[in-house]
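Add 799 to the 1-based position in the sequence shown for the working numbering, that's all there is to it. Ideal placement from N, C-alpha and C gives every residue a C-beta, glycine not left out.
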Amino acid sequence: MKNTFDSKKPALWITATLAAAAVVPAVILLKRAKKSAGLLWDQTFSTEEILYQAPFYSFSYDEETAPLFRSTKDHELMIREGDDWKSLGVMEEFSLSQDKFDKLFFTGRERELARIRRRNSTAWRLDVAEDQKAAFYYLLQQRNGQVYLAYGYHTDGRDSIDSQASIIRWLFRLIPTDID
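Here is the structure:
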């Protein structure tokens with residue numbers, strides 16, 4: 800075996816070793832990315848933690864009373880009301896920015912919220928205009944696989960991403976659950 804490694808072309812062995820060392824981490828990263836991308840859709844989620852509640856409302860949730868959410872493989876967002884699931888609509892991918900996320904909170908925790916935005920991998924948005932309040936939902940998947948759901952209102956009555964007067968009322972960190 801010693802004669803094999805003592806060949807007159809050590810560059811060949813160095814190149815082969817470096818190629819093998821590069822392939823293994825690449826395969827691991829690709830498997831991990833594929834696995835985390837599939838975690839967002841066709842899942843039922845419960846609330847692991849409520850990271851933010853707007854301070855000027857009288858009604859609030861805790862982890863036990865927060866609603867259950869379901870995402871379908873067709874990117875539809877559903878909410879559980881009693882024993883039934885209600886469709887909120889189909890989510891659309893969008894670019895998460897400081898104006899459309901960080902500035903919609905009334906809190907002293909700007910750094911934590913900016914960190915969530917910076918670590919975000921993919922953001923999905925849904926605008927719902929059911930009543931006088933035009934509501935919106937953000938479904939955020941982080942690079943580490945964590946999932947957040949933000950629920951807010953367009954206070955100017957517009958039901959689009961162009962609304963200039965929007966607030967986020969709740970920010971939930973979600974975890975997959977087996978509850979159907």
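Can you tell me where the alpha helix (DSSP H) holding Ile-966 begins and where it ends? Translated into positions along the sequence shown, residue 966 becomes position 167. Element bounds for Ile-966: not the alpha helix (DSSP H) but the beta strand (DSSP E), 965-975.
For Glu-909, three-class secondary structure by DSSP: For this step, residue 909 is matched to residue 110 along the sequence shown. Correct three-state label for Glu-909: helix.
Three-state secondary structure (DSSP) of Leu-817: Numbered from 1 along the sequence shown, position 18 holds the residue referred to as residue 817. In this structure, Leu-817 counts as helix in the three-state DSSP scheme.
The beta strand (DSSP E) that contains Tyr-936, what's its start and end? Looking up residue 936 in the sequence shown gives position 137. Element bounds for Tyr-936: 933-941.
Does the contact criterion of 3 or more C-beta pairs under 8 Å hold for the region 847-864 versus the region 966-979? yes
Does the distance from the CB of Gln-897 to the CB of Arg-914 come in under 8 Å? Here the question's residue 897 lines up with position 98 in the sequence shown. Here the question's residue 914 lines up with position 115 in the sequence shown. No, these two residues do not count as a Cβ contact at 8 Å.
Per-residue DSSP class, three states only, for Ala-832: Stepping through the sequence shown from its first residue, residue 832 is reached at position 33. In this prediction, Ala-832 scores a pLDDT of 48, lower than 50, which makes its location untrustworthy; the coordinate-derived value is nonetheless stated afterwards. If DSSP states are grouped into helix, strand and coil, Ala-832 belongs with the helices.
Arg-908 burial status per 10 Å Cβ neighbour count (16 or more: buried): Against the sequence shown, residue 908 aligns to sequence position 109. Classification of Arg-908: exposed, given that the 10 Å Cβ count is below 16.
Express the C-alpha separation of Ala-820 and Arg-869 in angstroms, rounding to a whole number. Taking the sequence shown and counting its residues from 1, one reaches residue 869 at position 70. Taking the sequence shown and counting its residues from 1, one reaches residue 820 at position 21. Approximately 40 Å, taken between the alpha carbons.
In the DSSP output, which residue or residues are listed as bridge partners for His-953? To locate residue 953, count along the sequence shown from 1; it is residue 154. Answer is Ala-933 and Ser-965, bridged to His-953.
Compare the C-alpha of Gly-888 against each of Ile-878, Leu-895 and Asp-882 and name the closest. Within the sequence shown, numbered from 1, the residue matching residue 888 stands at position 89. Ranking the options by Cα distance to Gly-888, first place goes to Ile-878.
Where Arg-917 sits in the DSSP three-state scheme: Looking up residue 917 in the sequence shown gives position 118. It is helical.
Of the residues Phe-904, Leu-912 and Arg-924, the one placed nearest Phe-893, counting alpha carbons only: On the sequence shown, residue 893 is found 94 positions in, with the first residue counted as 1. Nearest C-alpha to Phe-893: Arg-924.
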